[in-house]
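Have a look at the structure below before the remarks.
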Amino acid sequence: MSKIKSFRGKIADGSIDTVLLHTNTGSTGYKIKKFQIITSSPSAGSDYASIVKIYKIPQTTVDATVDFSDNTLMGVAWSSGDSATPNNFLETVIFDNEIVNQDIYITHSEVVGSTPSNYYLELEQVKLDLNENTVTTLKDIRNIQNPQ
343 MSKIKSFRGK IADGSIDTVL LHTNTGSTGY KIKKFQIITS SPSAGSDYAS
393 IVKIYKIPQT TVDATVDFSD NTLMGVAWSS GDSATPNNFL ETVIFDNEIV
443 NQDIYITHSE VVGSTPSNYY LELEQVKLDL NENTVTTLKD IRNIQNPQ
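Count along the sequence shown starting at 1, add 342, and that's the number in this note's numbering.
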């Protein structure tokens, strides 16, 4: 049976959070199993549209663009609502075949308003043999050197 690690946090508009996953040996990998978001004020009567994304490599900027051809993107969640119907739309896409053995990075862009969002993330722990460890690490290095 695989072990599940969960992370949660509150992320401000325009912010980047780091989820620390790296180990000294790199023999532990992680796959996203669940990714959920909700605005920090779902019933406050304000309009909002949040985009929260998970990346394999450090991010220097935060934007509202979603590009599924970006090989460093691991998942994205979008939530929007207005004063009449809070949380009237929620969409989450996870690329669950992606395995990482390094830290991951969460960004939040608020398209409407500036409300912070809460996120909940479940990662499945995967034991990597030496070959899988090497391939995963090399992919991470390549992604850092040649981002999208």
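For each residue, glycine too, the CB sits at the ideal point set by N, CA and C.
By the three-class DSSP mapping on this structure, what secondary structure does residue i have?
| i | result |
| --- | --- |
| leucine 363 | coil |
From which residue to which residue does the beta strand (DSSP E) around residue i run?
| i | result |
| --- | --- |
| serine 466 | According to the sequence provided, residue 466 is glutamate. The question's serine does not apply to it. 459-469 is the span of the beta strand (DSSP E), which, as asked, contains glutamate 466. |
| lysine 373 | 370-381 |
| glutamate 452 | 446-454 |
| threonine 434 | 431-436 |
| serine 411 | Per DSSP, serine 411 belongs to no beta strand (DSSP E) and is neither H nor E. |
| valine 394 | 390-397 |
| glycine 356 | No beta strand (DSSP E) holds glycine 356; DSSP gives it neither H nor E. |
Assign residue i to one of two classes, buried (16 or more other C-beta atoms within 10 Å of its C-beta) or exposed (fewer than that).
| i | result |
| --- | --- |
| glutamate 433 | exposed |
| lysine 395 | buried |
| phenylalanine 431 | exposed |
| valine 408 | exposed |
| glycine 356 | exposed |
| valine 418 | buried |
| isoleucine 353 | buried |
| threonine 381 | buried |
| serine 344 | exposed |
| threonine 403 | exposed |
| phenylalanine 507 | An answer regarding residue 507 cannot be provided, because it is not within the stretch 343 to 490 covered by the chain. |
Practice prompt. Report yes or no: do three or more beta-carbon pairs, one from the region 438-454 and one from the region 395-408, lie closer than 8 Å?
Written response: yes
Discussion item. Could you check whether the region 360-370 touches the region 450-461, counting it as contact only if at least three pairs of C-beta atoms, one from each stretch, sit closer than 8 Å?
Written reply: Touching, no, given that fewer than three Cβ pairs across the two stretches are closer than 8 Å.
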